[in-house]
Amino acid sequence: MKSKSGTIFLSGLIAGTLDMLAAITVYAFILQKTTAIKILQSIASGLFKKDAYSGGSQMALYGLLLHYFIALTFAWFYFTIYPYFIFIKKNTLLSGILYGIFVWIIMNLVVLPTVFPVLPEKHLDFPLILSILILIFCIGIPIAFITKKHYSFHR
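One point on numbering: in UniProt numbering, the residue at position 95 of the sequence shown is 95, and numbering is uninterrupted.
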C-alpha cells in the first residue's frame with residue numbers, strides 16, 4: 001500500500017471485517033447467544049441507546065458503520081505511533097498481540113463504561129478470554145502487519 005490513508009483504510013477495513021465475522025461466527029452461530037442483527041444493534045446502542053434495538057436493519061447498519069469507524073480509529077492510532085517505537089518495528093507479531101490487548105482494555109475499561117454506565121461485572125473466564133483473543137487475532141495482528149508492510153515499503 002503506497003498511501004498513508006490507503007494503508008489506514010485497508011487495515012481498518014480488514015480488522016473491522018475480521019472482528020465482525022468473528023463476533024457473528026462465535027456469538028451468533030457457535031454459541032447461539034444472539035443474532036448478527038442484535039450484535040450490530042448493540043453497537044448502535046452506544047449512540048442510540050434502547051432505540052437501537054427497535055430500529056431493525058437501519059440500526060444494524062448504523063452499528064456496522066460505527067464498528068468500522070472504531071476499527072479505522074484503532075488502525076489510524078497504530079499507524080500514527082508506529083514510527084516512534086522501535087519495539088513495534090522489530091516485533092510485529094508481539095506488537096500485534098499487545099495492541100489487541102490494548103484495544104480490549106480501551107474498549108472494555110474506557111469506552112464501554114463511559115457509554116454504558118451499568119455493565120455486568122467482568123470475570124476471568126472463557127468469554128472474557130475469548131473476547132481478548134478475538135481482538136488480538138482480528139484487530140491487533142492484522143493492523144500491525146499491514147502497517148509494517150507500509151512502512152517497510154517507504155524506507
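The beta carbon of each residue, even a glycine, is placed where N, CA and C say it ideally should be.
| Item | Value |
| --- | --- |
| Spatial distance of Tyr78 from Val115 (CA atoms) | 23 Å |
| Other residues of its chain near Leu98: CB distance less than 8 Å, five sequence neighbours each side excluded | Gly140 |
| Extent of the continuous alpha helix (DSSP H) run through Pro142 | 141–153 |
| Continuous alpha helix (DSSP H) stretch holding Pro120: start and end | Unbroken run through Pro120: none, as it is neither H nor E. |
| Leu135, buried or exposed, once every other Cβ within 10 Å from all chains shown has been counted against 16 | buried |
| Extent of the continuous alpha helix (DSSP H) run through Gln32 | Counting along the chain, Gln32 falls outside any alpha helix (DSSP H), and DSSP gives it neither H nor E. |
| Nearest-angstrom Cβ-Cβ length linking Phe145 and Thr92, presumed shorter than 8 Å | 6 Å |
| Own chain partners of Tyr151 with C-beta closer than 8 Å, once the 5 adjacent residues on each side are dropped | Tyr82, Pro83, Lys89 |
| Straight-line Cα distance separating Ala60 from Ala44 | 7 Å |
| Straight-line gap, Lys2 to Thr17 (C-alpha atoms, nearest Å) | 21 Å |
| Stretch pair the segment 101–108 + the segment 53–67: three plus CB contacts closer than 8 Å | no |
| C-alpha gap between Phe29 and Ala52, whole angstroms | 22 Å |
| Burial state of Thr25, where buried means 16 or more other Cβ atoms lie within 10 Å | exposed |
| Spatial distance of Lys122 from Phe87 (CA atoms) | 31 Å |
| Euclidean distance between Cα positions of Leu124 and Gly56 | 33 Å |
| C-alpha gap between His54 and Met20, whole angstroms | Note on residue identity: the sequence assigns Ser, not His, to residue 54. Using only the alpha carbons, I get a separation of about 21 Å. |
| Lys50 versus Phe153: straight-line alpha-carbon distance, rounded | 46 Å |
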